[in-house]
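Structure, as structure tokens:
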Amino acid sequence: MKFAVVRSFASACALVLVGAPAAVSAQGAGTPVAPAVRVSMDESVRLALERNRSLRAQRLNVDLAKADEITAGLKPNPSFSSTVENFPLFAPGQLTWDFLKNQIAYTESLSYLFERGGKRANRQLVAADTTMVTAHTVADTERQVVFDTRQAFINVLLAKSSSDLATEDLTNYSSFVDISRDRLNAGDISEADFYKIALQKLQFEQDLSAATIALIQAKALLRQLIGFDTVVPDFDVNGDLGYTAPSISLDDARRDALANRPDLLAAQTGVKLAQDTQALELSNRARDLSGSGEYERGGTNAVGFGVSIDLPFHDRNQGNIAHSQVAVRQASETEAATRIAVLTDVESAYAALQANEKIIKLFESGYLDQARQSLDIATYVYQTGSGALLDLLDAQRTYRSTQLAYRQALAAYMTAVQQLNFAIGRQVIP
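For the sequence shown, counting from 1, position 378 maps to 392 in the numbering used here; every step adds exactly one.
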């Protein structure tokens with residue numbers, strides 16, 4: 015049994031950074047696709063990235079940030095005003111053509127705000143940084159969705175394998191009950207022993223019922239992640255629980271995580287955002303200059319010019335500058351904390367992977383064969399009339415619990431693999 019190969023998460027991050035969210039959304043909102051009957055792990059991840067409604071809503075934050083970039087780069091609009099003075103409102107009899115021509119003053123003026131201190135360039139930098147932080151944050155959300163989808167898929171594989179085991183156990187035990195009934199009719203066993211055997215079947219039936227419910231619930235969770243309408247209600251999955259030895263060292267995992275984790279990249283970009291915001295607040299200290307020109311026509315024709323500027327006696331943007339300086343220190347601390355968290359996540363996930371690998375090797379080193387051989391021996395001895403019924407029932411319970419624990423160990427190992435990929439930020443172990 016082998017893992018299904020899952021698409022690298024790096025491609026999902028690249029989609030966000032190059033502006034593919036709109037394309038993905040368009041694909042998800044395009045021509046309806048027939049629901050799938052069977053899905054693999056990589057298909058489930060693809061569907062989750064394309065169809066998950068919450069994720070598609072998150073991707074739109076990048077478009078919103080890009081729209082803010084447009085606003086940040088806009089220049090001030092010029093201002094035009096027109097004034098009519100000396101209009102004889104309370105003496106309408108004076109309103110003659112000569113009065114309109116010679117006595118009323120007409121003033122047309124045009125003004126423009128000249129931004130100083132590089133405000134516009136700094137606003138554009140802050141807006142671009144915000145877009146990058148948003149893109150990395152969305153990529154981190156994608157990372158979480160991908161992990162949740164893989165984990166849900168593994169849970170379906172475990173539930174399906176447990177259901178198959180419960181079905182097999184119930185079938186085998188039903189055959190054993192039928193054989194015991196024949197032995198009862200032949201007088202080989204007592205009626206009391208047969209009732210003990212028959213009553214034990216109830217446990218197998220309960221195990222199958224519980225496994226069936228667990229499978230339904232696991233499929234429901236996976237269906238929620240990949241899109242309710244993307245698969246048929248009774249869909250199935252392709253793949254099996256399996257184990258393959260990992261091929262990555264702890265040092266390589268640490269290095270890849272520091273280079274690829276979207277939350278760390280967002281924190282690093284957040285430092286630049288804070289620094290550029292501080293530069294913007296410093297540039298806001300510069301007073302903007304308003305220039306105007308006007309033309310007046312009335313008794314005389316005249317042209318005028320004006321200039322206005324704030325005198326920074328009180329407000330020199332001190333509060334916002336101080337705030338931005340603290341924000342820079344805060345962003346640096348956040349980046350350092352995130353870096354430590356990334357390394358901690360990697361080490362914890364790597365340790366869990368090694369621990370689960372050891373457990374699987376213990377099962378495969380002989381415990382599985384021993385449980386099977388113990389059951390075969392107990393069954394043979396009992397059928398020949400030399401063994402006790404309690405020994406046979408105990409061997410059956412041991413075999414069933416060993417097989418179930420092995421399947422759970424395989425699922426835990428596969429989850430640990432995906433947990434390490436999640437901690438690194440991209441698919442490094444298939």
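Note that the Cβ used here is the ideal one computed from N, Cα and C, for glycine as well.
In this chain, the alpha helix (DSSP H) harbouring G284 covers 276 to 297. Looking at the backbone, the Cα of G380 and that of P260 are separated by about 22 angstroms. One alpha carbon belongs to Y420, the other to E361, and they sit about 25 angstroms apart.
Inclusion of Q138 and A79 in the CB contact set at 8 angstroms is not warranted, their separation being larger than that value. Annotation for A71: the continuous alpha helix (DSSP H) segment containing it runs 67 to 86. Buried is the label assigned to P276, since at least 16 other Cβ atoms lie within 10 Å of its Cβ.
Leaving aside the five residues that flank K215 on each side, the residues in its chain whose CB is nearer than 8 angstroms to its CB run, in chain order, L184, Y187, S188, V191. Contact annotation: E205 and L213 have beta-carbon atoms that are not nearer than 8 angstroms. Under a 10 Å Cβ-count criterion, D359 is classified as buried, with 16 or more other Cβ atoms of the shown protein chains found around its own Cβ. Taken in chain order, the whole beta strand (DSSP E) runs of length 3 or more contained in the segment 112 to 147 are 119 to 128.
Under the three-state reduction of DSSP output, R195 falls in the helix class.
Remark: C-beta atoms of G241 and R65 approach each other more closely than 8 angstroms. Straight across, the Cα-Cα distance linking S176 with A288 is about 52 angstroms. Remark: C-beta atoms of K286 and L229 do not approach each other more closely than 8 angstroms. Excluding sequence positions up to five before and after S54, its CB lies within less than 8 angstroms of the CB of A18, V251, N252, G253, all in the same chain and listed in chain order. When Cβ pairs closer than 8 angstroms are counted between the two stretches, the segment 263 to 280 is seen to touch the segment 139 to 153, the count reaching three or more. Beyond the five residues adjoining it in sequence on each side, Y427 comes within less than 7 angstroms, by CB distance, of Y257, N370, E371, I374 in the same chain, given in chain order. In the structure shown, Y257 falls within a coil segment according to DSSP collapsed to helix, strand and coil. Within the same chain, and ignoring the five residues on either side of A345 in sequence, the residues whose Cβ sits closer than 6 angstroms to its Cβ are G284, V285, A288.
Rounded to whole angstroms, the gap between the alpha carbons of A234 and P92 is 59 angstroms. Nearest neighbour of T181 by Cα position, chosen from L171, L61, D221, D196, turns out to be D221. By the neighbour-count criterion, in which a residue is buried when 16 or more other Cβ atoms sit within 10 angstroms of its Cβ, G333 is exposed. With a threshold of 16 other beta carbon atoms within 10 Å, I227 falls short and is exposed.
For I323, the enclosing beta strand (DSSP E) has its first and last residue at 315 to 323.
Between R130 and D302, the CB-CB gap stays under 8 angstroms. In chain order, I335, S338, Q339, A341, V342 place their CB closer than 8 angstroms to the CB of Q292, counting only its own chain and leaving out the 5 sequence neighbours on each side. Nearest to N75 by alpha-carbon distance, out of N100, M146, A135, is M146. The residue from Y396, A119, D56 with its alpha-carbon nearest to that of I203 is Y396. Per the C-alpha coordinates, the member of V442, L124, A62, S223 positioned closest to G307 is L124. About 44 angstroms separates the beta carbons of E295 and A119, which is beyond the 8 angstroms limit, so they are not a contact pair.
In the DSSP assignment, A50 falls within the unbroken beta strand (DSSP E) covering 50 to 53.
Going by DSSP, G333 is part of the alpha helix (DSSP H) stretching over 332 to 376. Between the C-alpha atoms of Q422 and L172 there is a straight-line separation of about 7 angstroms. The beta carbon of R330 is closer than 6 angstroms to those of R299 in its chain, skipping five residues each way along the sequence. Under the criterion of beta carbons closer than 8 angstroms, A232 and V170 qualify as touching, at roughly 4 angstroms. If you check the CB distance, R164 and Q410 do not come in under 8 angstroms.
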